[in-house]
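Using numbering that gives the first Met the number 0, the first residue of the sequence shown is number 0, and each one after it goes up by one.
Here a beta-carbon is modelled for each residue, glycine too, at the ideal position from N, C-alpha and C.
It should be emphasised that the depicted structure is a prediction, and the values quoted were computed from it without experimental measurement.
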Amino acid sequence: MVTPNNRHPAHDGLRERWVRTLLAVRRPEADLPAGTPSPYDYADDLLARWAEPHRRYHTTDHLIAVLDRVGLLSAHCSGPEEVAAVSLAAWFHDAVHLPDRSTNEERSARLAERALAEAGASPALAAEVARLVRITAGHDPAPGDTGGEVLCDADLAVLAGSPQEYAAYAAAVREEYGFVPDDAFRAGRTEVLRHLLGLPALFRTRYGREHWEHTARRNLVTELELLSAGGNGGAGDGAGGATGGETGSEDARGAGT
0 MVTPNNRHPA HDGLRERWVR TLLAVRRPEA DLPAGTPSPY DYADDLLARW AEPHRRYHTT
60 DHLIAVLDRV GLLSAHCSGP EEVAAVSLAA WFHDAVHLPD RSTNEERSAR LAERALAEAG
120 ASPALAAEVA RLVRITAGHD PAPGDTGGEV LCDADLAVLA GSPQEYAAYA AAVREEYGFV
180 PDDAFRAGRT EVLRHLLGLP ALFRTRYGRE HWEHTARRNL VTELELLSAG GNGGAGDGAG
240 GATGGETGSE DARGAGT
């Protein structure tokens, strides 16, 4: 839960941002069943998830960054409805994040399906948001999937930071996966880096290709070289993570319940 000790400075603004997005797409109040929770209940549940104490990179700051980049890239979407779906997917894409598990994207997608249906969104919208969340497992949307392209570009833009920003990001995620021994971490992270570098393009939007592609590839190659030399040069991302296996089941409850 969010407490005075972990309350983000942007907490109140994020609550309002969520409510505006949800109210723009959900069914009219008169069409909702009695007992439908307040939109603020869902905001509180999601923000509590993003503020979990084990998180070091996949935090509220990451949520804010992805939401802001979705706004930056929104012209790439097919229209306002798709922008709304991508924005909702940004809220959910790391809502479930347990570093020792390999199914976080799937669990986050299921959470989105349940929570959005409960909150009054259409089944089609809930399904689309869940689909977008699942794409972030591999960051390889199909050509022409403009919503997937925007969400993945927004999530991966951290890879295009300055050397100092990239180092801070890498250190934060290494800390998040601190329970993984160095050798296992290097092996898992190397696999992630090679997957990303093997993609035809890291970024699919025009803005991403022009502003982020070159720097991100340079950062990834540098990190891979450091890992190959035996250092802990980086860590999993918004791109994925991980080296840990599945260690148990998580009770994926709907937001607001």
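Original post:
Under a Cβ-count criterion, where at least 16 other Cβ atoms within 10 Å of its own Cβ denotes burial, should Leu-66 be classed as buried or exposed?
Top reply: Position 67 of the sequence shown, counted from the first residue, corresponds to residue 66. Around the C-beta of Leu-66, 16 or more other C-beta atoms lie within 10 Å, and the residue is accordingly described as buried.
Subject >> Rounded separation between Ala-215 and Tyr-176 - CA only >> reply: The count along the sequence shown starts at 1 and reaches residue 215 at position 216. The count along the sequence shown starts at 1 and reaches residue 176 at position 177. Approximately 22 Å, taken between the alpha carbons.
**OP:** With a cut-off of 8 Å on the beta carbons, I'd call Glu-148 and His-75 a contact; round off their distance for me.
**Re:** For the purposes of this step, residue 148 is taken as the residue at position 149 of the sequence shown. For the purposes of this step, residue 75 is taken as the residue at position 76 of the sequence shown. At roughly 6 Å, the Cβ-Cβ gap stays under 8 Å, so Glu-148 and His-75 are in contact.
Original post:
alpha helix (DSSP H) containing Glu-28: first to last residue?
Top reply: The residue you call residue 28 lines up with position 29 of the sequence shown. From DSSP, Glu-28 is part of no alpha helix (DSSP H); its letter is neither H nor E.
**OP:** Quick one: residues in its chain with C-beta nearer than 8 Å to the C-beta of Arg-26, no 5 flanking neighbours on either side, listed in chain order?
**Re:** Residue numbering aside, residue 26 sits at position 27 when the sequence shown is read from its first letter. Excluding residues within five positions, the ones whose Cβ falls inside 8 Å are Gly-119, Ala-120, Ser-121.
**OP:** Tell me whether Asp-154 is buried or exposed, calling it buried when 16 or more other Cβ atoms sit within 10 Å of its Cβ.
**Re:** Translated into the one-based positions of the sequence shown, residue 154 becomes position 155. Buried.
Original post:
Of the residues Leu-158, Asp-144, Asp-99, which one's Cα is nearest the Cα of Val-179?
Top reply: Within the sequence shown, residue 179 is the residue found at index 180, counting from 1. Of the listed residues, the one whose Cα sits closest to Val-179 is Asp-99.
Subject >> Extent of the continuous alpha helix (DSSP H) run through Arg-130 >> reply: The sequence position of residue 130 within the sequence shown is 131, counting from 1. Start and end: 122-134.
Subject >> Span of the alpha helix (DSSP H) around Val-69 >> reply: Looking up residue 69 in the sequence shown gives position 70. From DSSP, the alpha helix (DSSP H) with Val-69 extends over 59-71.
Original post:
By how many angstroms is the C-alpha of Thr-221 removed from the C-alpha of Val-157?
Top reply: To locate residue 157, count along the sequence shown from 1; it is residue 158. To locate residue 221, count along the sequence shown from 1; it is residue 222. Spanning the alpha carbons of Val-157 and Thr-221 requires a straight line of approximately 15 Å.
Subject >> Enclosing alpha helix (DSSP H) for Thr-189 [first to last residue] >> reply: Here the question's residue 189 lines up with position 190 in the sequence shown. Taken as a continuous stretch (DSSP letters only), the alpha helix (DSSP H) holding Thr-189 covers 181-197.
**OP:** Give the secondary structure of Phe-91 by DSSP, where H, G and I count as helix, E and B as strand, and everything else as coil.
**Re:** The residue labelled residue 91 in the question sits at position 92 within the sequence shown. The answer is helix: DSSP assigns Phe-91 an H, G or I state.
**OP:** Take Ala-141 and list the residues in its own chain whose beta-carbon comes closer than 8 Å to its own, dropping the five residues that flank it on each side.
**Re:** The sequence position of residue 141 within the sequence shown is 142, counting from 1. Closer than 8 Å at Cβ, skipping near neighbours: Gly-147.
Original post:
Who are the near neighbours of Phe-202 in its chain, counting only those whose CB is closer than 6 Å to its CB and skipping five residues on each side?
Top reply: For the purposes of this step, residue 202 is identified with residue 203 of the sequence shown, where counting begins at 1. The residues are Asp-152, Arg-208, Trp-211, Glu-212.
Original post:
Can you tell which of Glu-15, Glu-190, His-96 has its C-alpha closest to the C-alpha of Glu-224?
Top reply: Within the sequence shown, numbered from 1, the residue matching residue 224 stands at position 225. The residue with the shortest Cα to Cα distance from Glu-224 is Glu-190.
Original post:
Under a three-way DSSP split, which group does Leu-110 fall into?
Top reply: Locating residue 110 in the sequence shown gives position 111, counting from the first residue. In the structure shown, Leu-110 sits in a helix (DSSP, three-state: H, G or I).
**OP:** Spell out a yes or no on whether the stretch 38-56 and the stretch 125-139 are touching, meaning 3 or more CB-CB pairs, one atom from each, closer than 8 Å.
**Re:** No: the two stretches stay apart, fewer than three of their Cβ pairs being nearer than 8 Å.
**OP:** Please name the residue in His-61, Ala-200, Leu-21, Leu-87 whose C-alpha comes closest to that of His-7.
**Re:** Taking the sequence shown and counting its residues from 1, one reaches residue 7 at position 8. The candidate whose alpha carbon is nearest that of His-7 is His-61.
Original post:
Buried or exposed: where does Ala-234 fall if 16 or more other Cβ atoms within 10 Å of its Cβ makes it buried?
Top reply: Numbered from 1 along the sequence shown, position 235 holds the residue referred to as residue 234. For Ala-234, the pLDDT reaches just 37, beneath the cut-off of 50, and the residue's location in the model is therefore unreliable, leaving the point undetermined.
**OP:** Grab the span of the alpha helix (DSSP H) containing Trp-49 for me, first residue to last.
**Re:** Here residue 49 is taken as the residue at index 50 of the sequence shown, counted from 1. Counting along the chain, the alpha helix (DSSP H) containing Trp-49 begins and ends at 38-49.
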